[in-house]
Amino acid sequence: MKIVDLRGRYFKEVEEVQYLIKRADVETDLYETAVKEIIKNVKERGDEALVEYTEKFDKIKINPEDLIIPFEELERAYDEIEEEVRWAFEVAYERLYEFHELQKEKSFFKEEDGMILGQKVIPLERVGLYVPGGKAAYPSSVLMNAVPARVAGVEEIVICSPNPNKYTLAAAFICGIDTVYRIGGAQAVAAMAYGTETVKKVDKIVGPGNIYVALAKKNVFGVVDIDMIAGPSEILVIADETANYKWVAADLLSQAEHDELAASILITTSEELAKNVKDYLYNELLKAFSRKEIAEKSLNNYGHAFIVEDLEKACELANYLAPEHLEIVTENPFDLLNKIKHAGAIFLGHYSTEPLGDYILGPNHVLPTSRSARFSSPLGVYDFVKRSSVIYVSKEGFERVANHAINMANSEGLEAHALSVKIRKEDI
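Its first residue numbered 442, the sequence shown is counted upward by one per residue in our numbering.
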């Protein structure tokens with residue numbers, strides 16, 4: 442982890458800052474060809490291709506009839522998991538549901554003389570969730586992706602997951618998932634996008650995955666909608682001298698354990714805090730850490746502590762980096778809230794540790810990464826609905842606006858557009 446003194450320096454010109462911004466740049470050409478071939482194969486050969494890829498990549502030999510996991514397995518997994526874990530899943534589901542209920546949009550209508558204009562909010566019909574399987578199994582991803590879809594009123598939610606463990610299946614059971622398919626990778630994305638003999642075509646695909654999954658989602662966008670192209674995880678902590686260095690170090694480590702590309706960033710006005718955080722990370726926390734190899738690589742490459750003159754500068758740098766997770770661990774954290782423009786989720790205060798948001802609080806943990814918080818939002822109910830404009834015009838309403846429409850059509854040289862209005866006007 443590097444300690445970088447930014448006091449008196451223009452941070453946009455600092456090498457370490459630019460290095461962090463470029464960390465998500467991946468040369469995709471090597472993967473792109475393979476992904477496109479997988480998509481083409483699944484599109485043309487359906488279940489046969491899915492069976493072949495499942496054996497090749499996931500080392501699971503199955504028949505087409507095994508692609509769907511029987512519902513009884515979901516129910517059995519729910520019964521088998523530890524009681525305290527089951528209770529945690531249930532509490533998380535309830536908190537997520539209550540929070541996302543607040544995001545629901547309503548259809549609306551406005552009446553004018555001779556017109557009724559409005560917007561109808563309609564849930565998507567079928568959504569597919571991609572959930573990593575095996576060692577990278579995240580039941581919390583099931584909850585975070587399924588609950589807003591459920592609240593939105595999506596009719597059918599399906600999951601694709603390679604070799605899902607009992608916790609993933611139990612979470613699916615709690616969320617009332619309709620169908621779980623035993624497939625993963627780019628082939629699962631292709632199957633959900635185009636449909637096969639067994640896998641139904643969906644309208645939108647959401648959920649995290651590796652580079653193959655991300656590129657597959659990118660390639661099928663347009664055939665279906667997608668949530669985002671997710672990059673590596675990141676946390677940024679703004680802290681002053683009142684912060685507990687042990688707590689800050691633990692929060693940084695919570696992101697570093699995700700993968701080698703995860704970024705753990707501290708911006709502080711206290712040089713002493715920066716040094717204490719680094720020392721505690723390396724001399725205490727990492728010593729007996731089970732995921733030491735991953736976390737150490739992450740911290741060595743993308744762990745940074747930036748020392749700034751004041752909290753105003755800290756917010757400027759945070760906005761420039763536009764982090765996925767932003768913790769504000771200062772004496773008066775709410776004083777800085779209005780200064781933050783770009784962040785996926787904002788955690789205020791000493792006890793608002795980011796992992797609480799990952800699991801149990803209620804807001805969604807599917808967040809924009811790689812500086813996309815500049816223009817993106819957390820996953821929510823609004824991602825699972827679409828809107829249709831509703832228009833009714835009476836004869837009286839028509840007469841109020843007809844000439845304006847004709848004049849605008851003429852200005853664009855669209856004769857038939859003007860004609861469709863004129864022909865009605867002449868018959869009045």
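Every residue gets a Cβ at the ideal spot worked out from N, C-alpha and C, and that includes glycine.
**Message:** Tell me the DSSP secondary structure of E768 in three-state form.
**Reply:** strand
**Prompt:** Are the beta-carbon atoms of S829 and K561 separated by less than 8 angstroms?
**Reply:** yes
**Request:** Take K716 as the anchor and find which of E468, G744 and S548 has the nearest alpha-carbon.
**Result:** G744
**Message:** According to DSSP, simplified to helix, strand and coil, what is Q560?
**Reply:** In the structure shown, Q560 sits in a strand (DSSP, three-state: E or B).
**Message:** Among the candidates K641, N504, A655 and Y823, whose CA atom is the shortest distance from the CA of P573?
**Reply:** A655
**Request:** Enumerate in chain order the residues of its own chain whose CB-to-CB distance from L515 is below 8 angstroms, with the five nearest sequence positions on each side excluded.
**Result:** L610, A611, A613, F614, I618 and V621
**Request:** Identify whether S739 lies in helix, strand or coil by the three-state DSSP scheme.
**Result:** helix
**Message:** Using a Cβ distance threshold of 8 angstroms, determine whether the stretch 751-769 contacts the stretch 674-694, with at least three qualifying pairs required.
**Reply:** yes
**Prompt:** Just checking my contact of N411 with A490 at CB under 8 angstroms: how many whole Å lie between their CB atoms?
**Reply:** Since the first residue shown for the chain is 442 and the last is 869, residue 411 is missing from the structure and cannot be characterised.
**Message:** Using a 10 Å radius around the Cβ and a threshold of 16 neighbouring Cβ atoms, would you call H699 buried or exposed?
**Reply:** buried
**Prompt:** Is it the case that the Cβ atoms of Y538 and V595 are separated by a distance below 8 angstroms?
**Reply:** no
**Request:** Counting only the same chain and skipping the five closest in sequence on each side, list residues whose C-beta sits under 7 angstroms from that of D751.
**Result:** T710
**Request:** For V588, collect the residues of the same chain with a Cβ closer than 7 angstroms to its Cβ; drop the 5 residues on either side in sequence, then sort them by chain order.
**Result:** Y534, L537, Y538, H541 and C616
**Prompt:** For I787, which beta-bridge partners are listed by DSSP?
**Reply:** L767
**Terminal residues of the beta strand (DSSP E) in which K827 lies** = K827 -> beta strand (DSSP E) spans V826 to V834.
**Message:** Going by DSSP in three states, E468 sits in which element: helix, strand or coil?
**Reply:** Residue state, collapsed to three classes: coil.
**Request:** Counting only the same chain and skipping the five closest in sequence on each side, list residues whose C-beta sits under 6 angstroms from that of P605.
**Result:** G574
**Asked** For Y579, which option in G559, R567 and C601 has the closest C-alpha, if you only look at C-alpha atoms?
**Response** C601
**Three CB pairs or more closer than 8 angstroms across the stretch 549-566 and the stretch 817-832** = yes
**Helix, strand or coil at H541 [DSSP, three-state]** = helix
**Request:** Please name the residue, chosen from L820, E513, K733 and S813, that lies closest to H806 on a Cα-to-Cα basis.
**Result:** Comparing alpha-carbon positions, the option among L820, E513, K733 and S813 lying closest to H806 turns out to be L820.
**Prompt:** For the stretch 634-649 against the stretch 659-677, are there 3 or more C-beta pairs whose distance is under 8 angstroms?
**Reply:** yes
**Asked** How do the stretch 722-729 and the stretch 684-694 stand: do at least 3 beta-carbon pairs fall below 8 angstroms, yes or no?
**Response** yes
**For E676, the nearest candidate out of K502, I522, Y451 and D799 (CA to CA)** = The sequence as given places Ile at residue 676; Glu does not occur at that position. Taking only the C-alpha atoms, the option nearest I676 is D799.
**Item:** Beta-carbon spacing of R812, L758 below 8 angstroms
**Value:** no
**Request:** Go through the stretch 623-706 residue by residue and report every complete run of the alpha helix (DSSP H) that reaches 4 residues or more, in order.
**Result:** 626-635, 652-661 and 686-697
**Prompt:** Cα-Cα, which of S852, I801 and V834 is closest to S581?
**Reply:** I801
**Request:** For C756, name the three-state secondary structure that DSSP assigns.
**Result:** helix
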